[in-house]
């Protein structure tokens, strides 16, 4: 092993983590409110789900490439990478927020309205708590897939563990490939475990 | 008679020439009736006769497309929709208890929304659970899924009573209960009426239940009010729909007679 590889792994793992956390954070901050809005507006639902679905079908390397020439939001670097990752993470968050809230028992919702709860109270005290597990499952999927997709960020100078992988491919160096792939896999496993722990906490309540 | 009708008090609910139409279909057709304070008006009718729609017009879940529905003398269209609903206890067939709330949280919901002190809510919940025949010690901290259907129904009634509303609406509340539980729930209803003396509108398609619980029975047929009468008179009603319902009753009696003689 090359000297300094250990510290480089640590640095790039941290970079990777920041990429993923920022992208998923934005996807949740945007996706959950949009998902809630979609439960209220059927027309919006069609458009937004359509958009998120289309984004999902674009090959990730191509999406990163498309974003480079876009002014303001595009260019080379982590900002563009995060934007592309947000687009991918959005669909599971949107879809699960929508599904979670729509699956709340109609009788429960009806009785909430009949008891004189305001729309805001129904959302905060009934719909969101009952949809929490489904929404969380969406965030879990978004996180795990983003950890994988984020390795491609290195292709447009976004940094992260993908740096090792692209370097490893270019120089046919298995050590470099593994230095990228193993931490990324571990990160995915760890985050999956963390989410399943949180989900168990939720279902115990 | 266990109900003492107050003399010349204003009706708590009044429907004046009310129609409700949706998608070109007339659900209620120029219906007028009043509910006096303290009485239980049973709305009897087949499925699709408009009974549930009528209840929803009273608590402002729906508004009439013609005529006026007045609650405590004010048209439902002029009530603040949230205040109106909190003035009226509503019990539906599926109960609709919140699965993520304990029984105590479910029953204490409306008082809490109305800003009652936690200590006062706790006391109120204890009292109400006792009132509907659920031991507060045993049931307060349980979740709805841990209760039987009948127990859930009792909790639903306690929740409807929580804010001490002057009017209660029951939408086939005991419809899903087995015959024995149903009888127990009806007894509970009668006992509560004796102690609390609240006004109630009670939807059912069971003529026995109607005769047992109603101080008056309103028979709905295709959105029209066909007969409105006290049980004593209702059994003598001669309209076709009333006869059809009363025939069910006689059928049951005959079955019993046969069994006796067998």
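Residue numbers (this note's numbering), protein chains in the order written: chain A, 1 to 205; chain B, 1 to 262. No residue lacks a Cβ here, since even glycine has one placed at the ideal position from N, Cα and C.
Whole-angstrom C-beta distance between residue j and residue i, which should lie under 8 Å
i: residue 18/B; j: residue 67/B; result: 4 Å
i: residue 220/B; j: residue 45/B; result: 4 Å
i: residue 28/A; j: residue 93/A; result: 6 Å
i: residue 60/B; j: residue 84/B; result: 5 Å
i: residue 89/B; j: residue 168/B; result: 4 Å
i: residue 71/B; j: residue 156/B; result: At roughly 21 Å, the Cβ-Cβ gap does not stay under 8 Å, so residue 71/B and residue 156/B are not in contact.
i: residue 268/B; j: residue 96/B; result: No information on residue 268/B is available, as it lies outside the stretch 1 to 262 that chain B covers here.
i: residue 170/B; j: residue 203/B; result: 6 Å
i: residue 109/A; j: residue 86/A; result: Their Cβ separation, rounded to whole angstroms, is 31 Å, which puts residue 109/A and residue 86/A out of contact at 8 Å.
i: residue 120/A; j: residue 49/A; result: Not a contact, Cβ separation roughly 25 Å.
i: residue 12/A; j: residue 53/A; result: Incorrect: roughly 32 Å between the Cβ atoms, too far for contact.
i: residue 161/A; j: residue 184/A; result: 5 Å
i: residue 150/B; j: residue 117/B; result: With a Cβ gap of about 31 Å, residue 150/B and residue 117/B do not count as contacting.
i: residue 209/B; j: residue 186/B; result: 7 Å
Cβ shell of residue i (< 6 Å), same chain only, five flanking positions each side left out
i: residue 24/A; result: 89, 142, 143 and 146
i: residue 140/A; result: 195
i: residue 6/A; result: none
i: residue 56/B; result: 62
i: residue 87/B; result: 165
i: residue 31/B; result: 15, 18 and 225
Beta-carbon proximity check, residue i vs residue j, cutoff 7 Å
i: residue 124/B; j: residue 144/B; result: no
i: residue 102/A; j: residue 35/A; result: no
i: residue 200/B; j: residue 53/B; result: no
i: residue 211/B; j: residue 231/B; result: yes
i: residue 70/A; j: residue 150/A; result: no
i: residue 94/B; j: residue 107/A; result: yes
i: residue 159/B; j: residue 107/B; result: yes
i: residue 130/A; j: residue 127/B; result: no
i: residue 159/A; j: residue 15/A; result: yes
i: residue 74/A; j: residue 67/A; result: yes
i: residue 45/A; j: residue 55/A; result: no
i: residue 65/B; j: residue 21/B; result: yes
i: residue 43/B; j: residue 223/B; result: no
i: residue 136/B; j: residue 147/B; result: no
i: residue 22/A; j: residue 82/A; result: yes
i: residue 140/B; j: residue 191/B; result: no
i: residue 132/A; j: residue 202/A; result: yes
i: residue 122/A; j: residue 114/A; result: no
i: residue 100/A; j: residue 57/A; result: no
Where residue i meets chain B, residues with beta-carbon distance less than 8 Å
i: residue 190/A; result: Correct list: empty, because the minimum Cβ distance to chain B is about 29 Å.
Chain A residues whose Cβ lies nearer than 8 Å to that of residue i
i: residue 86/B; result: 115 and 116
i: residue 90/B; result: 111, 114 and 115
i: residue 168/B; result: By Cβ distance, chain A contributes nothing, its closest Cβ being about 12 Å from residue 168/B, past 8 Å.
Cross-chain neighbours of residue i in chain A, by beta carbon under 9 Å
i: residue 94/B; result: 105, 106, 107, 108, 110 and 111
i: residue 110/B; result: 115, 116 and 117
i: residue 98/B; result: 108, 111, 112, 125, 126, 129 and 130
Beta carbon proximity, residue i to chain D, threshold 7 Å
i: residue 27/B; result: Of the protein chains in this structure, namely A and B, none is chain D.
Spatial neighbours of residue i in its chain, beta-carbon cut-off 7 Å, leaving aside the 5 residues before and after
i: residue 198/A; result: 136
i: residue 1/B; result: In this prediction, residue 1/B has a pLDDT of 43, which is less than 50 and means its spatial position is unreliable; nothing more can be read from the coordinates.
i: residue 166/A; result: 154 and 155
i: residue 6/B; result: Since pLDDT at residue 6/B reaches only 47, below the 50 mark, its modelled position is unreliable, and the value read off the structure follows with that caveat. Within the same chain, residue 6/B has close Cβ partners 37 and 38.
i: residue 179/A; result: 5, 9 and 164
i: residue 14/B; result: 34 and 70
i: residue 241/B; result: 219, 221 and 226
i: residue 191/A; result: 143, 144 and 147
i: residue 163/B; result: 86, 110, 111 and 114
i: residue 29/B; result: 19, 223 and 224
i: residue 152/A; result: 60, 61, 64 and 162
i: residue 176/B; result: 93 and 149
Where residue i meets chain A, residues with beta-carbon distance less than 7 Å
i: residue 221/B; result: Chain A residues near residue 221/B: none, gap ~26 Å exceeds 7 Å.
i: residue 61/B; result: 113 and 114
i: residue 82/B; result: 116 and 118
Proximity test, residue i beta-carbon vs the ligand ADP heavy atom, cut-off 6 Å
i: residue 32/A; result: Inclusion of the ligand ADP in the displayed structure is not the case, the ligand content being empty and no account of it being possible.
Neighbourhood of residue i by C-beta, 8 Å cutoff - its chain only, sequence neighbours within 5 removed
i: residue 237/B; result: 219, 227, 229, 243 and 246
i: residue 173/A; result: 167
i: residue 177/A; result: 164, 165, 168 and 169
i: residue 12/B; result: 35, 36, 37, 71, 72, 166, 167 and 199
*Just by C-beta distance, which residues in the segment 177 to 198 of chain B are closer than 9 Å to chain A?*
none
*Residues in the segment 101 to 125 of chain A with C-beta within 9 Å of chain B's C-beta atoms, listed in sequence order?*
Of all residues in the segment 101 to 125 of chain A, 105, 106, 107, 108, 109, 110, 111, 112, 113, 114, 115, 116, 117, 118, 121 and 125 have a Cβ within less than 9 Å of some Cβ in chain B.
_Under 8 Å, CB to CB, which of the residues in the segment 130 to 141 of chain A have a partner in chain B?_
130
*Listed from N- to C-terminal order along the chain, which residues in the segment 107 to 134 of chain B have their beta-carbon within a distance smaller than 7 Å of any beta-carbon of chain A?*
Listed by position along the chain: 109, 110 and 113.
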